[in-house]
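Protein chains in written order, with the numbering used here: chain A, 16 to 326; chain B, 16 to 326. Glycine residues also receive a C-beta, built at the ideal position from the N, C-alpha and C atoms. What follows is a single structure, written as structure tokens, with notes after it.
Protein chains: 2
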Amino acid sequence: MSFKEFEFIELLSKLLPKGRGVEVGVGDDAAVVKAGKTRLAVSTDALVEGTHFLKEWKRLVPELYRLLGRKLLSVSASDLASTGAKPLFATVTVGAPELSEELIELYVGLSERAQELKTSVVGGDTVKSGQLFLELTLIGKVERPMLRSKAKPGQLVAVSGTLGDAYGGLKQLLNGEVREPKLIERFLNPTARVKEGLSLAKLGVECATDVSDGFLFNLKTVADSSKVAIKVEEELIPVSESLVNLLGREGARRAALFGGEDYELITTFEPELKEKVESLGFTVVGTVEEGKGVFLNGKEVKGEGFDHFKE
Amino acid sequence: MSFKEFEFIELLSKLLPKGRGVEVGVGDDAAVVKAGKTRLAVSTDALVEGTHFLKEWKRLVPELYRLLGRKLLSVSASDLASTGAKPLFATVTVGAPELSEELIELYVGLSERAQELKTSVVGGDTVKSGQLFLELTLIGKVERPMLRSKAKPGQLVAVSGTLGDAYGGLKQLLNGEVREPKLIERFLNPTARVKEGLSLAKLGVECATDVSDGFLFNLKTVADSSKVAIKVEEELIPVSESLVNLLGREGARRAALFGGEDYELITTFEPELKEKVESLGFTVVGTVEEGKGVFLNGKEVKGEGFDHFKE
């Protein structure tokens, strides 16, 4: 018997009861809990050799492990960003066949990124494992958490940065050739939009999520959990020149819609905030309406994304 | 090039700078950090197939995965216990080849244990991995943290429960036979001494650690970090009847001194607290004195322990 990932998460969220102090449990980008008078946001992510990265990539990208160390923190920081939280403390677990120079490179990258994000790595565990895996749990502070379930009809939908770049980077790594190095950088060293997330929360924005599983897929989690319809215009979706160079116009289009791991933010907000949100580097791509589902150029799309367990 | 685990941790603790709000970073049982006005204790631990457990054990112990789910939480809870912290929230990461029934059993065990410890599992990540690994990060609240570096000359040394049982359990599993099931239970389902840790802290005790790597080894971490000598009398060390049945008197003695994963507490405290500490289930086994090193029956011992990376 095998479960699909989302069914599995739903089953778990029933199995694991929501206790005292838990404001947002399993299901959103980050958990939100109250400890004493402090509201914390907590997120955890893992990178596994063979699933999220391949050792061979070091041939193409000599600084692979340093970038993976950076990415390990950025991925969780992105979850905190979309919650409007400020990262503070991280713990790290590394499973590895041996304590090698490459692990040191990884920690150097992690340490760099931690300093950039003013986050302290306060503990961790190093264990022996045949397969290399990296896990990081990030704890931050949040005043008013943004949730994916707070989209409201009448709002605008916007996204930060450009979409599909990480897919373009991954594709080059899998093909074993570097044609557009910027895209590889975007895949291995994503920008977590922490500043942007904090600025959105400060503007009073209540709904955000990050693009981890693919733009349309993550839009669908917003539409479903908010019980609204989301309509986006494809021509408005921001795509980089590098991605078009690599994949052509049609390939770039598909990467932007379905590619995962961009770690950009999706947000919905009242129309009067449009200019302020745009000035943070967001592009308006659509609207929230009554109803349900995600619509692309007026046509309903089925949720597709990046499910590591799918065949 | 390969590093020994403790050298590696020392290198990391230099690499990863201690930032604002960090009261205790890498190196003690749990990190202690300040978020707003709340003082948090954070600990993280991992269990890896092939290193910490073998799939084959299910033949001997049908409820293996349920117990591993319990152990995953207990191991981190033990770190919080020795810090005098109250566990509140956990995140869990599971890496697995597929989403199986056994993973559900694991989460059932984790959920049971979480309810016993009034801890909420608030989030996590499920990722594809050829090798099964489990990681848990536990966040708790602490008023005055107990540290392993706070032993003072003139104090008594005590330990909770009995020592060596987990080694007796592991030995049976590795030999493929069940002779003393209680010991297997002690290995797969250790008691985290959370209540005892909180009671010690309430008595004003300042020094504790848990027996994760072996009694003598963990005593040495207390002696070294506190810059004191610790003298213990072997005949005072509490050993269970089951362990003597399994290993004989001499085998039980060695298991109690060197065996890891007992997750009992070691504490040092002023002599006037003796009766109160004993009433919590602790046995006084020695004294703290000026000097350095660990002495067994008056003879200095070298630190030995359970290092997963040692050949």
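{"query": "LEU251(B) burial status per 10 Å Cβ neighbour count (16 or more: buried)", "result": "exposed"}
{"query": "Cβ neighbour criterion (16 or more within 10 Å) applied to PHE18(A)", "result": "Low per-residue confidence applies at PHE18(A): pLDDT is 48, beneath 50, and the placement is therefore not dependable, though the value from the model is reported in the following sentence. Looking at its Cβ environment, which holds 16 or more other Cβ atoms inside 10 Å, PHE18(A) is buried."}
{"query": "Between the CA atoms of GLU290(A) and GLY51(A) - distance to the nearest angstrom", "result": "37 Å"}
{"query": "PRO102(B) burial status per 10 Å Cβ neighbour count (16 or more: buried)", "result": "buried"}
{"query": "Partners in chain B for THR152(A), counting only beta-carbon separations shorter than 7 Å", "result": "THR59, THR106, THR152"}
{"query": "THR177(A) (DSSP reduced to helix, strand or coil)", "result": "coil"}
{"query": "Assigned exposure category for GLU22(B) - 16 Cβ within 10 Å defines buried", "result": "exposed"}
{"query": "TYR122(A) at chain B interface by Cβ criterion, 8 Å", "result": "yes"}
{"query": "Member of LEU88(B), SER175(B), LYS143(B), VAL47(B) whose CA lies at the smallest distance from the CA of GLU158(B)", "result": "VAL47(B)"}
{"query": "Residue burial classification, LYS235(A) (beta-carbon count within 10 angstroms, cutoff 16)", "result": "buried"}
{"query": "MET16(A) (DSSP reduced to helix, strand or coil)", "result": "Model confidence at MET16(A) stands at a pLDDT of 34, short of 50, so the residue's coordinates are unreliable; what they give is reported in the following sentence. Correct three-state label for MET16(A): coil."}
{"query": "Rounded Cβ spacing between LEU151(B) and LEU87(B) (contact assumed at less than 8 Å)", "result": "5 Å"}
{"query": "Under 8 Å between C-beta atoms of GLN187(B) and LEU178(B)", "result": "no"}
{"query": "Proximity test, Cβ basis, 8 Å: LYS50(B) and chain A", "result": "Residue identity differs from the one stated: residue 50(B) is Ala in this sequence, not Lys. Yes, its Cβ sits closer than 8 Å to a Cβ of chain A."}
{"query": "Exposure of LYS246(B), with buried meaning 16 or more beta-carbon neighbours within 10 Å", "result": "buried"}
{"query": "Assigned exposure category for ASN312(A) - 16 Cβ within 10 Å defines buried", "result": "exposed"}
{"query": "Under 8 Å between C-beta atoms of SER93(A) and ASP239(A)", "result": "no"}
{"query": "When ALA244(B), PRO196(B), VAL243(B), LYS314(B) are compared against SER257(B), the one with the closest alpha-carbon", "result": "PRO196(B)"}
{"query": "6 Å CB neighbourhood of TYR80(B) in its chain, flanking five on each side removed", "result": "GLU117, GLU120, LEU121"}
{"query": "Residue burial classification, GLY191(A) (beta-carbon count within 10 angstroms, cutoff 16)", "result": "exposed"}
{"query": "Length of the line joining the Cα atoms of GLU265(B) and SER97(B)", "result": "29 Å"}
{"query": "Residue-level contact to chain B via CB, PHE232(A), 8 Å cutoff", "result": "no"}
{"query": "Range covered by the beta strand (DSSP E) that runs through GLY301(A)", "result": "297-304"}
{"query": "Interfacial residues, the segment 52-84 of chain B to chain A, with Cβ spacing under 9 Å", "result": "LYS52, THR53, ARG54, LEU55, VAL57, SER58, THR59, ASP60, ALA61, LEU62, VAL63, GLU64, GLY65, THR66, HIS67"}
{"query": "Residues that ASP140(B) contacts on chain A, provided the C-beta gap is smaller than 8 Å", "result": "THR59, ASP60, ALA61, GLU150"}
{"query": "Range covered by the beta strand (DSSP E) that runs through ILE154(B)", "result": "148-156"}
{"query": "ARG128(B) versus GLU249(B), SER91(B), VAL299(B), LEU215(B), residue with shortest Cα-Cα distance", "result": "SER91(B)"}
{"query": "Distance CB(VAL209(A))-CB(ILE281(A)) smaller than 8 Å", "result": "no"}
{"query": "Whether LEU288(A) touches LEU218(A) by CB criterion (8 Å)", "result": "yes"}
{"query": "Under 8 Å between C-beta atoms of PRO205(A) and SER58(A)", "result": "no"}
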